[in-house]
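J.: Structure below; questions to follow.
Numbering (my numbering), first residue to last: 17 to 271.
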C-alpha cells in the first residue's frame, strides 16, 4: 500500500515516500500520511532535522498518481486534490525544523513541487527536474508556479512548464535550487542533517521563520510566531495568565 513512512535516525527524522511501483507518485493516503507526520515532527523537540527520501525507483517522485485524480469531477479536483495537496505541502514547507530533500532520481510535477518545500536539496547526477503537467492537459497545482518560481526563477520555470524541458542536476546547482550533486543523495542529505545537531535548535527555528518572512512564505504567520515566542518569555505574560486564573486585575511591570 502506498504511503509515507516516518523513521528516526537518532535526532534526525526521515520522511520516505513508498510507492515504487508507480514511481513514488502521490496518492491521497500518501498526502494524508505526510500531513500527520508533519504534525508529529513539529511537536517533537528532540528532532533536529528532517530528510525527505524515497524508495528506490526510476523517479524520486513522478508527481501525482493520475489514476488517483483522473476520475475526479472538476469540483472535486479543485476543492480537494489541489487544495488539500497545496495545504499539506505548505505544512511541510513551514516545519520548524531544517529540512533536506534527497533527490536520488527524477522529480517531476508534484515530486518537484514536494522537493521545493524543503530548505535544501541534494541531487544525484542523473536526476532531472520537470513540470510535465501540460502534457496531460493540466497545470502545476501544488506551488509549481509560485514557490518554484522563487527558487528556480521565472525563465527556468517557464522553460519547464511551457515547453516541457527537463533540468539536470548540474544546472539545478547553478540555479541555486540544489546545494550539491552526489552519487548517494540520501547519504549526502543525512550528512548535512547531522550538521544541524551542533547548532541551537531555537536559533535555527527563529532564523528559518525570519527567512520565510523575507521571501513571503506565509509571512503573516511567521511574524506572529516570532512575536508570540518573544512575548511568551516575558514576566507580563506569566502575570496575565496568573491574574486570569485568580480572577484579579493583572499588575504588569513590562519585564
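Cβ atoms here follow ideal geometry from the backbone N, Cα and C, with glycine treated the same way.
Quick caveat, the model's predicted, so the values are computed rather than measured.
Is residue 163 helix, strand or coil by DSSP?
T.: As a working mapping, residue 163 is identified with position 147 in the chain shown. DSSP places residue 163 in helix when its eight states are reduced to three.
J.: What does DSSP give as the partner residue(s) for residue 197 in the beta ladder?
T.: Your numbering for residue 197 matches position 181 in the chain shown. 139, per the DSSP bridge assignment.
J.: Going straight from the alpha carbon of residue 25 to that of residue 68, what length do you get?
T.: Within the chain shown, residue 25 is the residue found at index 9, counting from 1. Within the chain shown, residue 68 is the residue found at index 52, counting from 1. Roughly 13 Å between the two C-alpha positions.
J.: From the DSSP output, in three-state form, read off residue 64 for me.
T.: Numbered from its first residue, the chain shown carries residue 64 at position 48. Three-state result, residue 64: coil.
J.: State the beta-bridge partners of residue 19 as determined by DSSP.
T.: Position 3 of the chain shown, counting from 1, holds the residue named residue 19. Beta-bridge pairing by DSSP links residue 19 to 34.
J.: Thinking just about the alpha-carbon of each residue, which of 41, 71, 37, 39 is nearest to the one in residue 22?
T.: Position 6 of the chain shown, counted from the first residue, corresponds to residue 22. Taking only the C-alpha atoms, the option nearest residue 22 is 71.
J.: Looking at the secondary structure, which residues open and close the alpha helix (DSSP H) in which residue 220 lies?
T.: If you number the chain shown from 1, residue 220 lands on position 204. Counting along the chain, the alpha helix (DSSP H) containing residue 220 begins and ends at 217-231.
J.: Since I believe residue 81 is in contact with residue 42 (beta carbons under 8 Å), could you give me their beta-carbon distance rounded to a whole number of angstroms?
T.: One-based indexing of the chain shown puts residue 42 at position 26. One-based indexing of the chain shown puts residue 81 at position 65. Right, their Cβ atoms sit about 6 Å apart.
J.: One question on the structure: do residue 194 and residue 247 come within less than 9 Å of each other, judged by their Cβ atoms?
T.: For this step, residue 194 is matched to residue 178 along the chain shown. For this step, residue 247 is matched to residue 231 along the chain shown. Contact: no.
J.: What residue range is occupied by the uninterrupted beta strand (DSSP E) comprising residue 145?
T.: The count along the chain shown starts at 1 and reaches residue 145 at position 129. According to the DSSP assignment, residue 145 belongs to the beta strand (DSSP E) that extends over 144-146.
J.: List the residues that DSSP assigns as beta-bridge partners of residue 134.
T.: Position 118 of the chain shown, counting from 1, holds the residue named residue 134. In DSSP, residue 134 forms no bridge with anything.
J.: Would you report the Cα separation of residue 178 and residue 169, rounded to the nearest angstrom?
T.: Position 162 of the chain shown, counted from the start, is the residue given in the question as residue 178. Position 153 of the chain shown, counted from the start, is the residue given in the question as residue 169. Straight-line Cα distance between these residues: approximately 14 Å.
J.: Run the CB neighbour count on residue 105, radius 10 Å, all protein chains shown included, and call it buried at 16 or more, exposed below.
T.: Position 89 of the chain shown, counted from the first residue, corresponds to residue 105. Flag for residue 105 reads buried.
J.: Could you please give the first and the last residue of the uninterrupted beta strand (DSSP E) stretch that includes residue 102?
T.: For the purposes of this step, residue 102 is identified with residue 86 of the chain shown, where counting begins at 1. It is not in any beta strand (DSSP E) - residue 102 instead sits in the alpha helix (DSSP H) that spans 99-109.
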